[in-house]
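Input: a single structure, listed below in structure tokens.
There are 2 protein chains.
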Amino acid sequence: MRRGGALRGAQLAYETWGRLNHARDNAVLLFTGLSPSAHAAASAGDPRDGWWQRMIGPGLALDTDRHFVVCVNSLGSCFGSTGPASIDPHSAQPYRLSFPDLSIEDIARAGHELVRALGVLRLDTVMGPSLGGMVVLAYAALFPGGARRLASISGTAAASPFAIALRSIQREAITSDPAWRNGEYSPEQPPAAGMRLARKLGTVTYRSAAEWTQRFDRQPIRADLRGRTPFGSEFAVQGYLEAQAGRWISTFDANCYLYLSQAMDRFELAAHGDPQAVLRRADLAQALVVGVESDLLFPIGEQQALASTFEASGTATRFAPLPCIEGHDAFLVDTERFGRVIGEFLCG
Amino acid sequence: MRRGGALRGAQLAYETWGRLNHARDNAVLLFTGLSPSAHAAASAGDPRDGWWQRMIGPGLALDTDRHFVVCVNSLGSCFGSTGPASIDPHSAQPYRLSFPDLSIEDIARAGHELVRALGVLRLDTVMGPSLGGMVVLAYAALFPGGARRLASISGTAAASPFAIALRSIQREAITSDPAWRNGEYSPEQPPAAGMRLARKLGTVTYRSAAEWTQRFDRQPIRADLRGRTPFGSEFAVQGYLEAQAGRWISTFDANCYLYLSQAMDRFELAAHGDPQAVLRRADLAQALVVGVESDLLFPIGEQQALASTFEASGTATRFAPLPCIEGHDAFLVDTERFGRVIGEFLCG
Chain A
219 MRRGGALRGA
229 QLAYETWGRL
239 NHARDNAVLL
249 FTGLSPSAHA
259 AASAGDPRDG
269 WWQRMIGPGL
279 ALDTDRHFVV
289 CVNSLGSCFG
299 STGPASIDPH
309 SAQPYRLSFP
319 DLSIEDIARA
329 GHELVRALGV
339 LRLDTVMGPS
349 LGGMVVLAYA
359 ALFPGGARRL
369 ASISGTAAAS
379 PFAIALRSIQ
389 REAITSDPAW
399 RNGEYSPEQP
409 PAAGMRLARK
419 LGTVTYRSAA
429 EWTQRFDRQP
439 IRADLRGRTP
449 FGSEFAVQGY
459 LEAQAGRWIS
469 TFDANCYLYL
479 SQAMDRFELA
489 AHGDPQAVLR
499 RADLAQALVV
509 GVESDLLFPI
519 GEQQALASTF
529 EASGTATRFA
539 PLPCIEGHDA
549 FLVDTERFGR
559 VIGEFLCG
Chain B
219 MRRGGALRGA
229 QLAYETWGRL
239 NHARDNAVLL
249 FTGLSPSAHA
259 AASAGDPRDG
269 WWQRMIGPGL
279 ALDTDRHFVV
289 CVNSLGSCFG
299 STGPASIDPH
309 SAQPYRLSFP
319 DLSIEDIARA
329 GHELVRALGV
339 LRLDTVMGPS
349 LGGMVVLAYA
359 ALFPGGARRL
369 ASISGTAAAS
379 PFAIALRSIQ
389 REAITSDPAW
399 RNGEYSPEQP
409 PAAGMRLARK
419 LGTVTYRSAA
429 EWTQRFDRQP
439 IRADLRGRTP
449 FGSEFAVQGY
459 LEAQAGRWIS
469 TFDANCYLYL
479 SQAMDRFELA
489 AHGDPQAVLR
499 RADLAQALVV
509 GVESDLLFPI
519 GEQQALASTF
529 EASGTATRFA
539 PLPCIEGHDA
549 FLVDTERFGR
559 VIGEFLCG
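Residue numbers (this note's numbering), protein chains in the order written: chain A, 219 to 566; chain B, 219 to 566.
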């Protein structure tokens with residue numbers, strides 16, 4: 219692991235769509251945001267819709283008639299890849315906080331090992347949104363020549379202090395919940411109150427004020443969802459936050475969240491050297507940098523700056539600032555706009 | 219109280235600067251934001267700097283050579299005015315959650331009673347920032363002719379769902395802290411963990427991403443402040459949040475905060491009727507609406523809309539969107555820009 223320690227017998231969960239061609243040069247490796255699994259789209263083995271269902275398939279932006287698409291669950295997450303909630307083979311107990319320090323670079327390296335194991339020596343494209351938009355930059359820094367193209371989607375070369383503040387408050391909501399027990403909670407008794415707060419705040423940062431005014435304005439909450447305790451929910455937007463939080467608490471592990479969230483704060487492309495030199499060394503034929511103007515957490519200015527660094531490194535770069543109002547999460551919602559930009563890039 | 223219940227023997231804490239003239243027509247009533255006391259500036263009785271020290275005094279924006287300035291601690295707060303932390307004379311115990319439902323209109327009415335008791339029949343100006351920017355609108359709605367002029371500073375006619383979401387998460391941080399004990403905590407054992415989270419999040423919403431990039435960027439935290447527990451603070455911005463939160467926890471009461479915060483979510487000028495008609499009935503000679511472009515919590519668009527409503531009501535209105543980068547708190551920080559606009563208005 220980049221910051222010390224090692225994982226032995228680690229596993230990676232992944233899914234694939236399309237087929238690796240004979241030349242083995244049509245693979246697209248897709249990293250995810252903080253929360254999703256590798257299930258980006260339906261497949262024969264799992265017919266449920268995935269988190270990027272309208273983006274991956276025959277004739278879609280990630281065209282599985284042309285590309286072999288691989289999505290990997292981040293190292294450190296809890297959907298099949300090894301993370302703090304996994305059993306440490308050494309102790310036969312969950313790793314919990316004995317999991318080694320996690321960095322964005324470790325997630326990139328895990329994805330690299332995966333595609334090598336699948337027989338891919340050079341990716342057609344390495345791609346990722348949000349946290350994944352950091353991972354692709356780590357990938358470029360660590361594996362020069364490892365991909366022909368790179369697509370950073372609502373990502374950044376380094377988190378701003380504003381994003382760090384918001385994420386650190388989310389982590390503190392969990393670590394200050396007595397049920398967290400310094401990471402030693404049982405899966406049946408997670409730090410639910412802290413996780414609820416963390417996810418509600420996360421949801422605020424993933425969306426935008428304009429979208430919520432349009433969707434909820436000041437509508438009252440549905441009568442059956444109205445809080446019955448003092449200071450309980452009164453507005454529709456509070457019911458939405460509650461629903462989002464409830465869904466997440468029932469699927470995500472608190473310690474995994476803490477590790478992944480902290481890794482995002484710490485990531486800095488410049489840790490690998492002068493960013494322009496790092497990206498030149500990465501030897502990419504093309505780069506795509508996409509973001510949205512209403513993004514609070516990964517603001518468009520950071521993507522603009524990243525695109526400029528790519529340009530300056532001599533990489534043929536397309537910068538696509540999108541006018542979506544859904545904030546950071548737009549890549550999950552406005553698949554029409556994102557699909558057009560990403561589809562054009564992959565066809566090029 | 220507007221939403222039911224009554225307070226008996228309630229008290230109001232206030233401070234004054236300058237002198238009421240013979241005609242009793244030079245009084246400026248200043249409401250505060252959520253957290254401050256009535257100590258807006260130093261005075262003979264309390265020489266410490268106040269929260270608007272550079273704004274109130276001889277020759278300053280609120281010119282005490284001309285005006286009799288009165289600042290009142292909001293009803294429901296904890297700096298001398300009656301609120302949930304005060305002793306209920308009926309039970310001889312703190313009110314806690316037996317305090318009646320609090321609304322912005324109750325705070326306005328309390329201020330009105332205060333100035334009447336001081337012998338003022340009509341204010342020269344009613345003024346307030348943030349929460350106080352809501353209170354002045356309630357004042358105008360409740361007391362037609364009660365003020366000749368009105369200044370709304372980084373206020374709004376109704377909170378957006380985005381602001382409601384952010385405030386409701388802050389309240390939940392407190393109410394889900396087991397130490398809150400449904401409001402029955404002792405003053406020595408407040409729900410400190412929840413209050414810390416609430417204030418840190420509050421601080422994020424009071425500032426702006428641009429300011430923090432300028433001030434903190436990705437600087438590491440001072441070594442002596444570095445968190446020693448897992449996932450502890452690593453960046454300078456986290457040290458800043460911690461300091462802000464620590465200061466607030468030692469002075470503010472959690473229940474008072476919950477009441478005031480909820481009152482802000484609930485306030486809506488339109489509850490008094492068509493806003494244009496309400497403001498026409500208020501019979502103001504002039505209105506000033508000031509806000510800043512980087513405000514996340516009371517966005518400039520809401521102030522623009524409020525200014526338009528004033529205009530449409532037939533009130534001579536000045537709308538001043540300021541290019542400060544300090545976000546919502548700019549009125550506390552950029553007193554040069556705010557002082558100029560407010561001073562010009564009061565001289566007019």
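Using N, Cα and C, we set each Cβ at its ideal position, and we do this for glycine too. All of these numbers come straight from a predicted model, not from anything done at the bench.
Could you check whether the Cβ of B/GLY401 sits closer than 8 angstroms to any Cβ belonging to chain A?
By 1-based counting over the second sequence, the position of residue 401 of chain B is 183. Yes, contact with chain A.
Near-chain B residues of the region 317 to 339 of chain A (beta-carbon distance less than 8 angstroms), N- to C-terminal order
none
Excluding the 5 residues flanking A/ASP267 on each side, which residues of the same chain have their C-beta closer than 7 angstroms to its C-beta?
As a position in the first sequence, residue 267 of chain A is number 49, starting the count at 1. Contacts found: ALA260.
Go through its chain and collect everything with a Cβ distance to A/HIS308's Cβ below 8 angstroms, but skip five positions before and after it.
Position 90 of the first sequence, counting from 1, holds the residue named residue 308 of chain A. Excluding residues within five positions, the ones whose Cβ falls inside 8 angstroms are ARG226.
Leaving out five residues before and five after B/VAL354 in sequence, what residues of the same chain have Cβ atoms less than 6 angstroms from its Cβ?
Sequence index remark: in the second sequence, residue 354 of chain B carries index 136 (1-based). Excluding residues within five positions, the ones whose Cβ falls inside 6 angstroms are VAL344, GLY346, LEU368 and SER370.
As assigned by DSSP and simplified to three states, the class of B/GLU406:
Translated into positions along the second sequence, residue 406 of chain B becomes position 188. Here B/GLU406 sits in coil by DSSP.
Whole angstroms are fine: how far does the CA of A/THR469 sit from the CA of A/ASP306?
For the purposes of this step, residue 306 of chain A is taken as the residue at position 88 of the first sequence. For the purposes of this step, residue 469 of chain A is taken as the residue at position 251 of the first sequence. Their Cα atoms are separated by approximately 20 angstroms.
Where do the N-terminal and C-terminal ends of the alpha helix (DSSP H) with A/TRP466 fall, by residue?
Residue mapping note: residue 466 of chain A aligns to position 248 of the first sequence, counting from 1. Here the alpha helix (DSSP H) through A/TRP466 covers 454 to 467.
is_contact[B/GLU486, chain A] using C-beta, thresh 8 angstroms
Against the second sequence, residue 486 of chain B aligns to sequence position 268. So, interface residue.
On the three-state DSSP scale, how would you describe B/PHE297?
Within the second sequence, the letter at position 79 stands for residue 297 of chain B. B/PHE297 falls in the coil class under three-state DSSP.
How would you list, in chain order, the residues of chain D whose beta-carbon sits under 8 angstroms from the beta-carbon of B/TRP430?
The structure shown contains no chain D; its protein chains are A and B.
Please tell me whether B/PRO276 has its Cβ less than 8 angstroms away from any Cβ of chain A.
For the purposes of this step, residue 276 of chain B is taken as residue 58 along the second sequence, with counting starting at 1. It does not: the Cβ of B/PRO276 has no partner Cβ on chain A nearer than 8 angstroms.
Applying a beta-carbon distance threshold of less than 7 angstroms, which residues of chain B neighbour A/VAL449?
Reading the first sequence from its first residue, position 231 is the one you call residue 449 of chain A. One point to set straight first is that residue 449 of chain A is Phe, not Val, in the sequence displayed. Within 7 angstroms Cβ-Cβ: ARG389, THR393, LEU476 and GLN480.
Pop quiz: A/MET413 and A/ILE325 are said to be a contact at Cβ under 8 angstroms. What is the actual Cβ separation, rounded to whole angstroms?
Indexing the first sequence from 1 puts residue 413 of chain A at position 195. Indexing the first sequence from 1 puts residue 325 of chain A at position 107. Actually they do not touch by this definition, with Cβ atoms about 22 angstroms apart.
Note down the Cα distance separating B/ARG168 from B/GLY301, rounded to an integer number of angstroms.
This structure cannot settle anything about residue 168 of chain B, because the visible part of chain B is limited to 219 through 566.
Am I right that A/LEU515 and A/TYR424 are in contact with their C-beta atoms under 8 angstroms? What's the rounded C-beta distance?
As a working note, residue 515 of chain A is residue 297 in the first sequence. As a working note, residue 424 of chain A is residue 206 in the first sequence. Sure, about 7 angstroms apart at Cβ, within 8 angstroms.
Is there a Cβ of chain A sitting closer than 8 angstroms to that of B/GLN229, yes or no?
Position 11 of the second sequence, counted from the start, is the residue given in the question as residue 229 of chain B. It does not; no Cβ of chain A falls within 8 angstroms.
Identify every residue that forms a DSSP beta bridge with A/THR343.
If you number the first sequence from 1, residue 343 of chain A lands on position 125. Note: A/THR343 sits in a beta bridge opposite A/VAL246 and A/ARG367.
Quick check on this structure: which residue in A/ARG417, A/GLN407, A/TYR357 and A/GLY350 has the alpha carbon closest to the alpha carbon of A/SER386?
Your numbering for residue 386 of chain A matches position 168 in the first sequence. Checked all of A/ARG417, A/GLN407, A/TYR357 and A/GLY350; the closest Cα to A/SER386 is A/ARG417.
Closer than 8 angstroms between beta carbons: that is the criterion. Which residues of the region 509 to 542 of chain B meet it against chain A?
LEU514 and PRO517
Within 8 angstroms of any Cβ in chain A, is that where the Cβ of B/PRO302 sits?
Indexing the second sequence from 1 puts residue 302 of chain B at position 84. Not an interface residue.
Own chain partners of B/ASP264 with C-beta closer than 8 angstroms, once the 5 adjacent residues on each side are dropped
For the purposes of this step, residue 264 of chain B is taken as the residue at position 46 of the second sequence. Hits under 8 angstroms: GLU233 and HIS257.
Cβ atoms of A/LEU360 and A/GLU331: under 8 angstroms apart, would you say?
What you label residue 331 of chain A is simply residue 113 of the first sequence in a count that begins at 1. What you label residue 360 of chain A is simply residue 142 of the first sequence in a count that begins at 1. No; because the gap between Cβ atoms is not below 8 angstroms, this pair is not in contact.
What would DSSP say about B/CYS474, mapped onto helix, strand or coil?
Residue numbering aside, residue 474 of chain B sits at position 256 when the second sequence is read from its first letter. Helix, per DSSP.
Do you know offhand how far A/ALA534's Cα is from A/GLY329's?
Counting from 1 along the first sequence, the entry for residue 534 of chain A is found at position 316. Counting from 1 along the first sequence, the entry for residue 329 of chain A is found at position 111. Answer to the nearest angstrom: the Cα atoms are 24 angstroms apart.
Hey, out of B/PHE249, B/SER253, B/PHE449 and B/TRP235, whose CA is closest to A/GLN388's CA?
Against the first sequence, residue 388 of chain A aligns to sequence position 170. Measuring from the Cα of A/GLN388, the nearest candidate turns out to be B/PHE449.
Pull out every residue of the region 434 to 448 of chain B whose Cβ sits closer than 9 angstroms to any Cβ of chain A, in chain order.
PHE434, ASP435, ARG436, GLN437, THR447 and PRO448
Can you pull the chain A neighbours of B/PHE470, defined as C-beta to C-beta under 8 angstroms?
Your numbering for residue 470 of chain B matches position 252 in the second sequence. Chain A residues near B/PHE470: none, gap ~16 angstroms exceeds 8 angstroms.
Please name the residue, chosen from A/PHE249, A/SER253 and A/GLY373, that lies closest to A/GLN521 on a Cα-to-Cα basis.
On the first sequence, residue 521 of chain A is found 303 positions in, with the first residue counted as 1. Among A/PHE249, A/SER253 and A/GLY373, the Cα nearest to that of A/GLN521 is on A/GLY373.
So, under 8 angstroms CB-CB, A/ALA377 and A/LEU487 are touching, yes? Tell me the CB distance rounded to an integer number of Å.
Sequence index remark: in the first sequence, residue 377 of chain A carries index 159 (1-based). Sequence index remark: in the first sequence, residue 487 of chain A carries index 269 (1-based). Wrong, their Cβ atoms sit about 11 angstroms apart, outside the cutoff.
If I follow the unbroken alpha helix (DSSP H) through B/TYR357, where does it start and stop?
Here residue 357 of chain B refers to the residue found at position 139 when the second sequence is read from its first residue. Its alpha helix (DSSP H) spans residues 349 to 360.
Give the DSSP bridge partners of B/PRO438, in chain order.
Locating residue 438 of chain B in the second sequence gives position 220, counting from the first residue. Answer is B/PHE453.
Thinking just about the alpha-carbon of each residue, which of A/CYS542, A/PRO541 and A/ALA505 is nearest to the one in A/LEU524?
Counting from 1 along the first sequence, the entry for residue 524 of chain A is found at position 306. For A/LEU524, the nearest C-alpha among the options comes from A/ALA505.
Every unbroken alpha helix (DSSP H) inside the region 495 to 530 of chain B [4 residues or more]:
518 to 530
Please list, in chain order, the residues of the region 403 to 421 of chain A that have any C-beta partner in chain B closer than 9 angstroms.
ALA411, GLY412, ARG414, LEU415, LYS418, LEU419 and THR421
Taking C-beta pairs closer than 7 angstroms, name the residues in chain A that B/LEU459 reaches, listed in chain order.
Position 241 of the second sequence, counting from 1, holds the residue named residue 459 of chain B. The answer, in chain order, is ALA383.
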